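Below is one structure; the comments refer to it alone.
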Amino acid sequence: MKIIGDPHNGQKRVCLDIFNRIYKPRNIYWEWLFLSESSLLIEHLKSYKNINTEFDLYDKWYTLIPSMKFTPDNNIFNSGYIEYHNISEITEPILNENDWESCGAIIAMYAMFGITDLHFENILFGKNSDNKIVFCALDIESIFNKIGLLSQTHLLPFYDLSENICGLKKIKDAFNLKPKNKFLGALVFGYLTFMDKYKEVFLNILNNNFFHQIPIRVIIRSTNFYNEIIQKKSFNFDNIYPEEKEQILRKDIPYFFRYINSRDIFYYSESKKNIKFSHIRNNSINQIREQFVTSNTDIKKISNNLLLLKKTGAAQLIKFFNQEKDFFIYKNTRFYLNCDYIKIEYRNNLWIYK
């Protein structure tokens with residue numbers, strides 16, 4: 000077994016076994032939902048028919064997502080094995096318009112579901128042995144977060160997260176092999192159209208009672224912050240929460256979680272058999288709780304936030320992939336770029352970003 004992860008919940012780590020499978024000693028349901036060869040979510044998105052015929056999204060957008068084999072322990076998803084995929088770097092401009100449109104749709108899917116911590120180590124992008132393009136998120140733990148900017152997913156640079164370690168770095172490298180406006184148009188169109196076409200699917204999932212029992216990771220601080228504490232011989236624990244101290248003293252990177260029907264935060268005792276309620280209450284933690292999307296969140300607020308995310312995300316993608324002045328059209332969408340603003344005309348709507 001090769002250790003490839005940080006210690007959590009009693010020194011448990013992600014490992015790669017001799018059969019080329021990744022073992023995760025934590026809940027793997029969210030990865031299964033998005034990546035499994037028997038994923039109910041992907042199957043539902045494939046078959047979903049929106050009554051609005053204007054959504055001219057490439058109908059095979061999901062084919063870039065690999066269908067992975069999952070082997071949960073004891074047939075439950077509290078831990079288990081995930082098939083490891085070997086891919087190679089893309090060094091030639093082999094992506095076509097449909098591929099770029101698919102990339103945009105997949106980016107939108109992760110943004111819509113509020114998945115965060117998608118830096119470059121948690122993104123799989125390249126080509127497999129059959130020369131097929133592969134693009135997906137690998138580590139899906141922190142989900143259903145309220146985000147108004149695509150960069151909050153860490154797919155794009157965000158505060159101290161630089162371009163070199165953001166999730167879309169490899170995709171930008173592939174784009175720059177043959178940068179074309181029609182490819183950028185396809186990417187942004189895929190993003191916009193997915194956000195419109197599948198919004199109702201997302202809202203319905205929030206009210207699915209089954210998801211109420213699946214833990215969702217809550218990230219209070221970065222792993223690097225905790226690693227620095229663990230490596231120090233002395234540290235003033237007054238500067239962190241008792242729940243963090245308890246886990247650090249057992250040489251664990253603190254791990255917190257919640258459920259979709261609540262804003263309460265929990266963590267595991269050393270044995271992982273006992274769940275402890277976190278009593279942390281201050282402005283910083285309250286701000287984190289405010290970012291939770293729950294089954295009790297007002298639908299109108301969620302819809303308004305998705306609209307904001309759709310608009311800002313499109314502009315952020317254009318800025319990330321293109322720095323030039325230009326005008327171009329892709330399908331029913333027009334793009335105007337200059338030094339002062341970005342203007343997008345999409346489905347009879349006009350947005351301007353400065």
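Quick note on numbering that gives the first Met the number 0: the sequence shown kicks off at 0 and runs consecutively. Using N, Cα and C, we set each Cβ at its ideal position, and we do this for glycine too. Predicted model, so just to flag it, every value in this text is computed and none were measured.
Sequence-distant partners of D55 (beyond 5 residues in either direction) whose C-beta falls short of 8 Å from its own C-beta, in its chain, are T192, K330 and N331. If you ignore the 5 residues before and after L307, its C-beta comes within less than 7 Å of the C-beta of G147, all in its own chain and listed in chain order. The shortest CA-to-CA distance from I228 to any of Q246, R216, H211 and I218 is the one to Q246.
Spanning the alpha carbons of D325 and Q286 requires a straight line of approximately 40 Å. A distance below 7 Å between beta-carbons, with the five flanking residues on each side excluded, links N321 to the following residues of its chain, in chain order: L183 and L336. When C-alpha distances from R249 are compared across D16, G4 and N8, the shortest belongs to N8. Assignment of P71 by DSSP, reduced to helix, strand and coil, places it in the strand class. Annotation for F157: L148, S150, Q151 and C165 place their beta carbon closer than 8 Å to its own, counting only its chain and skipping 5 residues before and after. In chain order, D5 and I252 place their CB closer than 7 Å to the CB of T222, counting only its own chain and leaving out the 5 sequence neighbours on each side. The shortest CA-to-CA distance from N203 to any of N348, K59, L123 and T293 is the one to T293.
Listed in chain order, the beta strand (DSSP E) elements of length 3 or more contained wholly in the segment 163 to 201 amount to none. Nearest C-alpha to R257 among F124, E289 and N281: E289. Of all alpha-carbon atoms in D129, K300, H84 and N180, the one lying nearest the alpha-carbon of I21 is that of H84. In this structure, E242 lies away from S268, with their beta-carbon atoms at least 8 Å apart. Within a 10 Å sphere around the beta-carbon of S37 sit fewer than 16 other beta-carbons, which makes this residue exposed. For K231 and I114, the gap between their C-alpha atoms comes out near 32 Å. Judged by beta-carbon spacing, I215 lies within the 8 Å limit of S141, meaning their Cβ atoms are closer than that value. Annotated three-state conformation of F326 is strand, per DSSP.
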